[in-house]
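> First the structure, then my questions, so here it is.
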Amino acid sequence: MAAQKHRSPNPRGQGDRLRGALLDAARDLLLELGDQSKLSVRAVTARAGVTPNALYLHFADKEALLSAVMSAGYKEFRTVLQAAIPETSDPIEQLRAYGSAYLEFAAQRPGMYRVLFMTTIRAGVPVPTRGAPTGEDEGVDAFNDFLEIVTRCLPNGPDPFTQSAYIWAALHGFAALRQAIPTFPWPNEYDYVERMIELHLQG
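Residues in the sequence shown are numbered from -6 upward in steps of one, following our numbering.
Pasting the structure below:
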């Protein structure tokens, strides 16, 4: 009887490289297509230079791949923002730094920013809500970091979640419009952040 053929395991590190290549390919295609519904397993694997079956060694399906792309992006986003928060007891100063880092990330990584915030949220994907737990989703955790700072800025003020939503929407609007209409005479991003703080927290 002929001996059964077994697939040889990937050398150490090769599997991680393949997974990274698939994530990079999916992210790049999302940028080009502008719509995750148009993304296909065949297109992703072709871009990564592997066969379609190779994707299933690392991801259960296309949805799992998309979730991994978003999670990796939010992790990078959150790491950048956390690194920008100064070690100070002044929450307004921390919020100022967070807001500036948010706009800088959008300006310096426009492709990644579009993937994160201009991709339609799929059913079942966590979104920030009141009392949302940490540790379950990098995107939710990024908002919770922001909410924590805003909460400390408003010890006796209005609802922190609502104020956080206002400021987040203002930051996103500035970032998205600046990408869409770069020739418009936009205000300095640091001045814009300061104005948002004045309007929503100190007004």
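Note that beta-carbon positions come from the ideal geometry of N, C-alpha and C, so glycine has one too. Treat the numbers as computed from the prediction; the structure is a model and nothing was measured.
Using the Cα positions of residue 69 and residue 103, report the straight-line distance between them to the nearest angstrom.
Along the sequence shown, one-based indexing puts residue 69 at 76. Along the sequence shown, one-based indexing puts residue 103 at 110. Whole-angstrom Cα-Cα distance: 13 Å.
> Just checking my contact of residue 23 with residue 36 at CB under 8 Å: how many whole Å lie between their CB atoms?
On the sequence shown, position 30 is the one that residue 23 refers to. On the sequence shown, position 43 is the one that residue 36 refers to. The Cβ separation is near 11 Å, so there is no contact.
> Spatial neighbours of residue 144 within its chain, please: CB distance less than 6 Å, with the 5 preceding and 5 following residues excluded, ordered by chain position.
Position 151 of the sequence shown, counted from the start, is the residue given in the question as residue 144. Here the set comprises 153.
> To the nearest angstrom, report how far apart residue 51 and residue 12 are at their CA atoms.
Within the sequence shown, the letter at position 58 stands for residue 51. Within the sequence shown, the letter at position 19 stands for residue 12. Cα to Cα, the separation comes out at about 6 Å.
> So, under 8 Å CB-CB, residue 136 and residue 121 are touching, yes? Tell me the CB distance rounded to an integer number of Å.
For the purposes of this step, residue 136 is identified with residue 143 of the sequence shown, where counting begins at 1. For the purposes of this step, residue 121 is identified with residue 128 of the sequence shown, where counting begins at 1. Indeed, because the Cβ distance is near 4 Å, the residues count as touching under 8 Å.
> What whole-angstrom Cβ distance do residue 96 and residue 168 have, given they're in contact under 8 Å?
Numbered from its first residue, the sequence shown carries residue 96 at position 103. Numbered from its first residue, the sequence shown carries residue 168 at position 175. With 8 Å as the limit, residue 96 and residue 168 qualify as a contact, their Cβ atoms being about 6 Å apart.
> Should the region 182 to 191 be called in touch with the region 86 to 96, which here means at least 3 C-beta pairs below 8 Å?
Because the criterion of three Cβ pairs below 8 Å is met, the region 182 to 191 and the region 86 to 96 touch.
> Would you give the residue range spanned by the alpha helix (DSSP H) that residue 197 belongs to?
Examination of residue 197 is not possible in this model, given that the chain is present from -6 through 196 alone.
> May I ask which residues mark the beginning and end of the alpha helix (DSSP H) holding residue 34?
As a working mapping, residue 34 is identified with position 41 in the sequence shown. Note, residue 34: alpha helix (DSSP H), 34 to 41.
> Whose C-alpha, out of 78, 65 and 195, is nearest the C-alpha of residue 146?
For the purposes of this step, residue 146 is identified with residue 153 of the sequence shown, where counting begins at 1. Comparing Cα positions, the closest option is 195.
> Taking the Cβ atom as the reference point for each residue, do residue 40 and residue 18 lie within a distance shorter than 7 Å?
Looking up residue 40 in the sequence shown gives position 47. Looking up residue 18 in the sequence shown gives position 25. Yes, they are a contact pair.
> Can you list, in chain order, the residues of its chain whose CB lies under 7 Å from that of residue 190, leaving out five sequence neighbours each side?
Here residue 190 corresponds to residue number 197 of the sequence shown, with the count starting at 1. These residues qualify, in order along the chain: 85, 88 and 89.
> Cβ atoms of residue 132 and residue 67: under 7 Å apart, would you say?
Reading the sequence shown from its first residue, position 74 is the one you call residue 67. Reading the sequence shown from its first residue, position 139 is the one you call residue 132. Cβ distance < 7 Å, so residue 67 and residue 132 count as in contact.
> Below 8 Å on the Cβ atoms is my guess for residue 139 versus residue 91; work out the distance and round it to an integer in Å.
Position 146 of the sequence shown, counting from 1, holds the residue named residue 139. Position 98 of the sequence shown, counting from 1, holds the residue named residue 91. About 6 Å; that satisfies the 8 Å criterion.
> Rounded to whole angstroms, how far is the Cβ of residue 171 from the Cβ of residue 179, which I believe are closer than 8 Å?
Translated into the one-based positions of the sequence shown, residue 171 becomes position 178. Translated into the one-based positions of the sequence shown, residue 179 becomes position 186. With a Cβ gap of about 5 Å, residue 171 and residue 179 count as contacting.
> Taking the straight line between their C-alpha atoms, what separation do you get for residue 16 and residue 150?
The residue labelled residue 16 in the question sits at position 23 within the sequence shown. The residue labelled residue 150 in the question sits at position 157 within the sequence shown. Distance between the alpha carbons of residue 16 and residue 150: 43 Å.
> What do you get for residue 76, buried or exposed, if any count of 16 or more other CB atoms within 10 angstroms of its CB means buried?
For this step, residue 76 is matched to residue 83 along the sequence shown. Residue 76 is exposed by the Cβ-count criterion.
> Identify the continuous alpha helix (DSSP H) that holds residue 45 and give its terminal residues.
Sequence index remark: in the sequence shown, residue 45 carries index 52 (1-based). 45 to 48 is the span of the alpha helix (DSSP H), which, as asked, contains residue 45.
> Could you give the first and the last residue of the continuous alpha helix (DSSP H) run that contains residue 137?
What you label residue 137 is simply residue 144 of the sequence shown in a count that begins at 1. Unbroken alpha helix (DSSP H) run through residue 137: 131 to 146.
> Taking the continuous alpha helix (DSSP H) assigned at residue 166, which residues delimit it?
By one-based count along the sequence shown, residue 166 stands at place 173. Segment 153 to 173, the alpha helix (DSSP H) holding residue 166.
> In whole angstroms, give me the CA-to-CA distance for residue 0 and residue 175.
As a working mapping, residue 0 is identified with position 7 in the sequence shown. As a working mapping, residue 175 is identified with position 182 in the sequence shown. Note on residue 0: pLDDT 38, under 50, position unreliable in the model; the coordinate value appears next. Cα to Cα, the separation comes out at about 51 Å.
> From residue 80 to residue 73, what does the alpha carbon distance come to, in whole angstroms?
On the sequence shown, residue 80 is found 87 positions in, with the first residue counted as 1. On the sequence shown, residue 73 is found 80 positions in, with the first residue counted as 1. Cα-Cα distance, rounded: 15 Å.
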